[in-house]
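**Student:** Sequential numbering from 2 applies to the sequence shown in the working numbering.
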Amino acid sequence: MSETIKKETHSFQTEVKQLLNLMIHSLYSNKEIFLRELISNAADAADKLRFEALNHDNYFGNDSELKIRITTDKEAGTLTIADNGIGMTHDDVMNNLGTIAKSGTAEFLQKLTKEQKSDSNLIGQFGVGFYSAFIVADEVEVRTRHAGAAEEDAVSWVSKGEGEFTTEQINKSDRGTEIILHLKEEETEFLEPWRLRSIIGKYSDHISLPVEMEKMDMGAESEDEKEADEVVVPEFEVVNKATALWTRAKSDVKDEEYQEFYKHISHDFNEPLTWSHNKVEGKQEYTSLLYLPKKAPFDLGNRDKPRGVKLYVQRVFIMDDAEQFLPIYLRMVRGVLDSNDLPLNVSREILQDSATTQSLKSACVKRALGMIEKVAKNQKEDYQVFWDEFGSVLKEGLAEDYANREKVAGLLRFSSTHTDSEKQTVSLADYIERMKPEQDKIYYLVADNYATAKSSPHLEIYRKKGIEVILMTDRIDEWAMGYLNEFDGKKLQAITQGDLDLGGLESEEDKKAVEKATEEKSDLIKKVKDYLGEKVSDVKISARLSESPACVVSNDGGMSLQMARMMKAAGQFVPDAKPIFEINPDHQLIQQLDGELSQEQFEDWVAVLFDQAVLADSGQLEDPAAFTQRLNRLLTR
Numbered sequence: 002m003s004e005t006i007k008k009e010t011h012s013f014q015t016e017v018k019q020l021l022n023l024m025i026h027s028l029y030s031n032k033e034i035f036l037r038e039l040i041s042n043a044a045d046a047a048d049k050l051r052f053e054a055l056n057h058d059n060y061f062g063n064d065s066e067l068k069i070r071i072t073t074d075k076e077a078g079t080l081t082i083a084d085n086g087i088g089m090t091h092d093d094v095m096n097n098l099g100t101i102a103k104s105g106t107a108e109f110l111q112k113l114t115k116e117q118k119s120d121s122n123l124i125g126q127f128g129v130g131f132y133s134a135f136i137v138a139d140e141v142e143v144r145t146r147h148a149g150a151a152e153e154d155a156v157s158w159v160s161k162g163e164g165e166f167t168t169e170q171i172n173k174s175d176r177g178t179e180i181i182l183h184l185k186e187e188e189t190e191f192l193e194p195w196r197l198r199s200i201i202g203k204y205s206d207h208i209s210l211p212v213e214m215e216k217m218d219m220g221a222e223s224e225d226e227k228e229a230d231e232v233v234v235p236e237f238e239v240v241n242k243a244t245a246l247w248t249r250a251k252s253d254v255k256d257e258e259y260q261e262f263y264k265h266i267s268h269d270f271n272e273p274l275t276w277s278h279n280k281v282e283g284k285q286e287y288t289s290l291l292y293l294p295k296k297a298p299f300d301l302g303n304r305d306k307p308r309g310v311k312l313y314v315q316r317v318f319i320m321d322d323a324e325q326f327l328p329i330y331l332r333m334v335r336g337v338l339d340s341n342d343l344p345l346n347v348s349r350e351i352l353q354d355s356a357t358t359q360s361l362k363s364a365c366v367k368r369a370l371g372m373i374e375k376v377a378k379n380q381k382e383d384y385q386v387f388w389d390e391f392g393s394v395l396k397e398g399l400a401e402d403y404a405n406r407e408k409v410a411g412l413l414r415f416s417s418t419h420t421d422s423e424k425q426t427v428s429l430a431d432y433i434e435r436m437k438p439e440q441d442k443i444y445y446l447v448a449d450n451y452a453t454a455k456s457s458p459h460l461e462i463y464r465k466k467g468i469e470v471i472l473m474t475d476r477i478d479e480w481a482m483g484y485l486n487e488f489d490g491k492k493l494q495a496i497t498q499g500d501l502d503l504g505g506l507e508s509e510e511d512k513k514a515v516e517k518a519t520e521e522k523s524d525l526i527k528k529v530k531d532y533l534g535e536k537v538s539d540v541k542i543s544a545r546l547s548e549s550p551a552c553v554v555s556n557d558g559g560m561s562l563q564m565a566r567m568m569k570a571a572g573q574f575v576p577d578a579k580p581i582f583e584i585n586p587d588h589q590l591i592q593q594l595d596g597e598l599s600q601e602q603f604e605d606w607v608a609v610l611f612d613q614a615v616l617a618d619s620g621q622l623e624d625p626a627a628f629t630q631r632l633n634r635l636l637t638r
């Protein structure tokens with residue numbers, strides 16, 4: 002027996018206080034979800050017991066039939082949800098019911114407050130489903146005993162949701178957890194059996210654990226038929242299907258059941274965008290049920306966050322967030338994988354090196370990408386919703402999944418010079434369909450934002466010739482496109498790198514005009530290059546400008562200014578990447594440079610034009626103050 006724990010009073014973590022205040026005073030619609038959350042938690046406790054019992058023979062004891070039991074006491078005004086799952090120790094109670102251990106709680110609360118939610122659509126996404134009990138109860142009591150613990154080592158937790166809670170060591174004859182809700186006077190509807198059965202049927206029918214309630218009294222005996230001292234022992238019956246949903250035939254599962262199961266495993270109160278349910282028999286035997294969500298969680302960008310599918314082996318729960326079966330770029334996919342080929346005592350280390358795991362991963366990736374492709378092809382509006390939420394994450398697949406790179410590339414969406422807004426709707430396949438007959442490359446431009454991209458001087462020659470250019474404005478684009486050299490046999494070409502190469506779209510007249518200007522302006526080119534010195538790798542006559550005086554271009558295969566800036570911001574070493582400075586010989590300012598200017602005026606004009614070109618390419622000036630001084634001097638002349 003452990004050291005006796007006296008009755009103690011504790012204060013909630015600050016975030017819990019805020020959360021309870023919001024739940025008690027702000028969340029009124031759809032109150033019934035509290036039951037769904039508590040049943041879901043009880044089912045998780047049973048799953049954890051099954052897994053832990055693989056290494057602890059004594060955990061089941063004489064009670065091997067796992068179940069959830071719901072009872073009411075109308076006189077006391079209480080509703081009890083009891084399970085015989087893993088239970089909790091005193092430390093578990095303190096960690097799980099006194100704090101919110103999930104990262105990002107502050108952002109969650111800020112979001113909940115900001116949007117002034119009148120419903121509870123955000124509850125559950127952050128592991129806070131237990132606290133939804135306070136929506137309908139003015140006091141909550143938890144009595145719990147961990148599997149394998151002695152009767153006298155059970156723990157009681159009680160709170161009115163007003164900033165503090167008490168814990169006490171108690172006796173409890175059986176393992177598991179009882180949650181006793183002392184309902185508010187206005188919430189007595191949740192004491193009615195028909196109401197509870199309706200909620201269970203709506204939200205928890207798919208739970209693989211039996212949910213029991215007292216049998217409905219179809220015809221009470223008369224008072225004369227009852228013996229005076231007779232003790233009535235209630236009979237219980239299962240009120241849900243109690244069959245693991247993924248084990249059922251697809252034809253037997255309704256869409257509503259798939260949707261509710263998704264909400265159960267993801268704690269997302271939005272309906273899924275789509276799902277894929279597959280049972281495979283043969284060399285390998287497994288069942289997968291994968292979902293695409295509609296909304297991204299706030300911490301989707303955190304690549305280190307636990308993620309993945311729920312793993313079962315022969316319908317025995319093994320682990321949450323089994324990340325070995327889906328790559329990180331598909332971390333938005335939720336679901337269940339149930340394998341008959343893995344051992345029950347499998348660990349994360351074994352999974353990492355298992356050939357079976359690699360085979361299952363390949364199958365899951367194929368299913369997930371196939372599911373996304375199907376939406377992209379047949380439900381364009383739904384896919385746009387998905388892309389707006391998860392597009393930047395999907396792009397990570399270009400670098401991380403060589404085997405499926407072409408397939409991932411086909412799912413990408415961008416804006417372009419042929420669209421009227423920054424909405425990313427253009428696929429690479431769309432672009433290829435619109436390519437000019439002589440065009441053999443896919444042209445693209447990476448910029449910090451849509452406005453910068455749309456007004457880039459690099460686009461001038463492409464607009465003049467009516468060539469579409471894809472505009473990429475996500476932070477990840479510069480990095481991701483380094484891994485995509487071609488698509489559907491067409492090479493991808495960044496228009497800010499290397500010499501202008503329009504292939505068959507460039508006329509002989511254009512080429513001769515550049516050669517002639519280069520010869521005529523050779524002295525000016527040398528003079529500009531001498532002044533800029535180490536700032537540039539070369540100075541050239543531009544074939545791409547028709548309106549702007551100058552631009553900077555990265556060397557072919559070299560690092561762009563955007564990439565260099567990103568690497569610097571990340572604290573990484575950046576090699577010295579000097580741009581090429583291209584000038585437009587037909588522009589008045591360039592012609593002025595070739596006129597009668599003092600050396601000081603010449604240097605001021607060259608420096609200002611170079612800095613302007615760097616700014617237009619989303620670069621940063623080394624000396625903004627010097628740029629301003631030069632510009633002011635030129636303006637005052």
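Idealized CB from N, CA, C, for every residue including glycine.
Predicted model only: the values in this text are computed from it and were never measured.
For PHE61, collect the residues of the same chain with a Cβ closer than 6 Å to its Cβ; drop the 5 residues on either side in sequence, then sort them by chain order.
**Tutor:** Working through the sequence shown from its first residue, we reach residue 61 at position 60. ALA54.
**Student:** Pick out whichever of ARG335, ARG349, ILE584 and ILE40 has its Cα sitting closest to the Cα of PRO458.
**Tutor:** Against the sequence shown, residue 458 aligns to sequence position 457. Ranking ARG335, ARG349, ILE584 and ILE40 by Cα distance to PRO458 puts ILE584 first.
**Student:** Give the straight-line distance between the Cα atoms of GLN126 and PHE270, rounded to the nearest whole angstrom.
**Tutor:** One-based indexing of the sequence shown puts residue 126 at position 125. One-based indexing of the sequence shown puts residue 270 at position 269. Interpretation of GLN126 is limited by its pLDDT of 41, a score under 50 that renders its predicted location unreliable; no figure is taken from the coordinates.
**Student:** Taking all protein chains shown into account, decide if TYR403 is buried (16 or more other Cβ within 10 angstroms of its Cβ) or exposed.
**Tutor:** Numbered from its first residue, the sequence shown carries residue 403 at position 402. Answer is exposed; the Cβ neighbour count stays below 16.
**Student:** Determine the extent of the alpha helix (DSSP H) in which ASN97 is found, giving its start and end residues.
**Tutor:** Within the sequence shown, numbered from 1, the residue matching residue 97 stands at position 96. Looking at the DSSP string, the run of the alpha helix (DSSP H) that includes ASN97 is 91–98.
**Student:** Given that a residue counts as buried once 16 or more other Cβ atoms are within 10 Å of its Cβ, and exposed if not, what is GLU479?
**Tutor:** Here residue 479 corresponds to residue number 478 of the sequence shown, with the count starting at 1. Buried, because 16 or more other Cβ atoms sit within 10 Å of the Cβ of GLU479.
**Student:** Taking only the alpha-carbon atoms, compute the straight-line gap between SER160 and LEU485 and give it to the nearest angstrom.
**Tutor:** Translated into the one-based positions of the sequence shown, residue 160 becomes position 159. Translated into the one-based positions of the sequence shown, residue 485 becomes position 484. Looking at the two C-alpha atoms, the distance is approximately 56 Å.
**Student:** In chain order, what residues of the same chain lie with their CB nearer than 7 Å to the CB of SER547, ignoring the 5 residues before and after it?
**Tutor:** Position 546 of the sequence shown, counted from the first residue, corresponds to residue 547. So the qualifying residues of the chain are GLU461, ILE462 and LYS465.
**Student:** Go ahead and pull the three-state DSSP assignment for ALA221.
**Tutor:** Within the sequence shown, numbered from 1, the residue matching residue 221 stands at position 220. Because the pLDDT of ALA221 is 49, which lies under 50, any placement of that residue in the model is unreliable, and the number read from its coordinates should be weighed accordingly. Here ALA221 sits in coil by DSSP.
**Student:** Where do the ends of the alpha helix (DSSP H) carrying ALA400 lie?
**Tutor:** Numbered from its first residue, the sequence shown carries residue 400 at position 399. 398–401 is the span of the alpha helix (DSSP H), which, as asked, contains ALA400.
**Student:** Does the segment 240–249 touch the segment 353–362, meaning 3 or more C-beta pairs lie closer than 8 Å?
**Tutor:** No contact exists between the segment 353–362 and the segment 240–249.
**Student:** Alpha helix (DSSP H) containing SER538: first to last residue?
**Tutor:** Within the sequence shown, the letter at position 537 stands for residue 538. First-last for SER538: undefined, no H or E at that position.
**Student:** Taking VAL334 as the reference, give the member of LEU506, LYS367, ASP342 and PHE318 with the closest Cα.
**Tutor:** As a position in the sequence shown, residue 334 is number 333, starting the count at 1. Ranking LEU506, LYS367, ASP342 and PHE318 by Cα distance to VAL334 puts LYS367 first.
**Student:** Tell me the DSSP secondary structure of GLU487 in three-state form.
**Tutor:** The count along the sequence shown starts at 1 and reaches residue 487 at position 486. It is a strand residue.
**Student:** If you draw a straight line from the alpha carbon of GLY128 to that of LEU493, how long is it in whole angstroms?
**Tutor:** By 1-based counting over the sequence shown, the position of residue 128 is 127. By 1-based counting over the sequence shown, the position of residue 493 is 492. With a pLDDT of 44 at GLY128, under the threshold of 50, the modelled position of that residue is not reliable, and the figure given next carries that caveat. Computed Cα separation, rounded: 44 Å.
**Student:** Who are the near neighbours of LEU590 in its chain, counting only those whose CB is closer than 6 Å to its CB and skipping five residues on each side?
**Tutor:** For the purposes of this step, residue 590 is taken as residue 589 along the sequence shown, with counting starting at 1. For LEU590, where only same-chain residues beyond five positions count, the Cβ hits under 6 Å are PRO550.
**Student:** Between the segment 426–446 and the segment 409–418, do at least 3 Cβ pairs fall closer than 8 Å?
**Tutor:** Taking 8 Å as the limit for Cβ pairs, the verdict is that the segment 409–418 does touch the segment 426–446.
**Student:** For LYS579, which of ASN556, VAL156 and LEU610 has the nearest alpha-carbon?
**Tutor:** The sequence position of residue 579 within the sequence shown is 578, counting from 1. The shortest C-alpha separation from LYS579 is found at ASN556.
**Student:** In chain order, what residues of the same chain have a beta carbon less than 7 Å from the beta carbon of GLU487, not counting five sequence neighbours either side?
**Tutor:** Numbered from 1 along the sequence shown, position 486 holds the residue referred to as residue 487. Correct list, in chain order: LEU493.
**Student:** One question on the structure: do ALA245 and ARG316 come within less than 8 Å of each other, judged by their Cβ atoms?
**Tutor:** By one-based count along the sequence shown, residue 245 stands at place 244. By one-based count along the sequence shown, residue 316 stands at place 315. In contact: ALA245 and ARG316 (Cβ atoms closer than 8 Å).
**Student:** From GLU390 to ALA297, what distance separates their C-alpha atoms?
**Tutor:** By one-based count along the sequence shown, residue 390 stands at place 389. By one-based count along the sequence shown, residue 297 stands at place 296. Cα to Cα, GLU390 sits roughly 6 Å from ALA297.
**Student:** Is DSSP giving LYS375 helix, strand or coil here?
**Tutor:** Sequence index remark: in the sequence shown, residue 375 carries index 374 (1-based). In the structure shown, LYS375 sits in a helix (DSSP, three-state: H, G or I).
**Student:** Whole alpha helix (DSSP H) runs in the segment 163–243 with 4 or more residues, listed along the chain?
**Tutor:** Entirely contained in the segment 163–243, the alpha helix (DSSP H) runs reaching 4 residues are, in chain order, 194–204.
**Student:** Based on Cα-Cα distance, which residue from PRO211, ASP64 and GLU258 lies nearest to VAL240?
**Tutor:** In the sequence shown, the residue the question calls residue 240 occupies position 239. Looking at the Cα atoms, PRO211 is the closest of the given residues.
**Student:** Assuming ILE542 and THR519 form a contact by the criterion Cβ under 8 Å, report the distance between their Cβ atoms to the nearest whole angstrom.
**Tutor:** Against the sequence shown, residue 542 aligns to sequence position 541. Against the sequence shown, residue 519 aligns to sequence position 518. With 8 Å as the limit, ILE542 and THR519 qualify as a contact, their Cβ atoms being about 5 Å apart.
**Student:** Buried or exposed, going by whether 16 or more other CB atoms sit within 10 Å of the CB of ARG332?
**Tutor:** The residue you call residue 332 lines up with position 331 of the sequence shown. Counting Cβ neighbours within 10 Å, ARG332 comes out buried, since at least 16 surround it.
**Student:** If the criterion is Cβ atoms closer than 8 Å, does the pair ILE131 and ASN42 meet it?
**Tutor:** Taking the first residue of the sequence shown as 1, we reach residue 131 at position 130. Taking the first residue of the sequence shown as 1, we reach residue 42 at position 41. Note that residue 131 corresponds to Phe in the displayed sequence, not to Ile. Yes, these two residues count as a Cβ contact at 8 Å.
**Student:** Identify every run of the beta strand (DSSP E) within the segment 246–287, keeping only runs that are complete inside it and at least 3 residues long; order them along the chain.
**Tutor:** List check, beta strand (DSSP E) in window: 275–281.
**Student:** Buried or exposed, going by whether 16 or more other CB atoms sit within 10 Å of the CB of ALA221?
**Tutor:** Position 220 of the sequence shown, counted from the first residue, corresponds to residue 221. Unreliable placement is indicated for ALA221, whose pLDDT of 49 sits below 50; the coordinate value is still reported in the next sentence. Burial call: exposed.
**Student:** Where does SER277 land, buried or exposed, given buried means 16+ other C-beta within 10 angstroms?
**Tutor:** Residue numbering aside, residue 277 sits at position 276 when the sequence shown is read from its first letter. SER277 should be labelled buried.
**Student:** Alpha carbon to alpha carbon, how far is GLY483 from ASP577? Give it in angstroms, no decimals.
**Tutor:** Counting from 1 along the sequence shown, the entry for residue 577 is found at position 576. Counting from 1 along the sequence shown, the entry for residue 483 is found at position 482. Using only the alpha carbons, I get a separation of about 19 Å.
**Student:** Nearest CA to the CA of SER65: which residue from GLU76, LEU50 and THR72?
**Tutor:** On the sequence shown, residue 65 is found 64 positions in, with the first residue counted as 1. Answer by Cα proximity: LEU50.
**Student:** Determine the DSSP secondary structure at THR358, reduced to helix, strand or coil.
**Tutor:** Position 357 of the sequence shown, counting from 1, holds the residue named residue 358. Here THR358 sits in helix by DSSP.
**Student:** Since GLU142 is in the alpha helix (DSSP H), which residue starts that stretch and which ends it?
**Tutor:** The sequence position of residue 142 within the sequence shown is 141, counting from 1. Careful: GLU142 lies outside any alpha helix (DSSP H), inside the beta strand (DSSP E) at 138–146.
**Student:** For ASP321, does the three-state DSSP call read helix, strand or coil?
**Tutor:** Position 320 of the sequence shown, counting from 1, holds the residue named residue 321. If DSSP states are grouped into helix, strand and coil, ASP321 belongs with the strands.
**Student:** If I follow the unbroken beta strand (DSSP E) through GLY130, where does it start and stop?
**Tutor:** Working through the sequence shown from its first residue, we reach residue 130 at position 129. No beta strand (DSSP E) holds GLY130; DSSP gives it neither H nor E.
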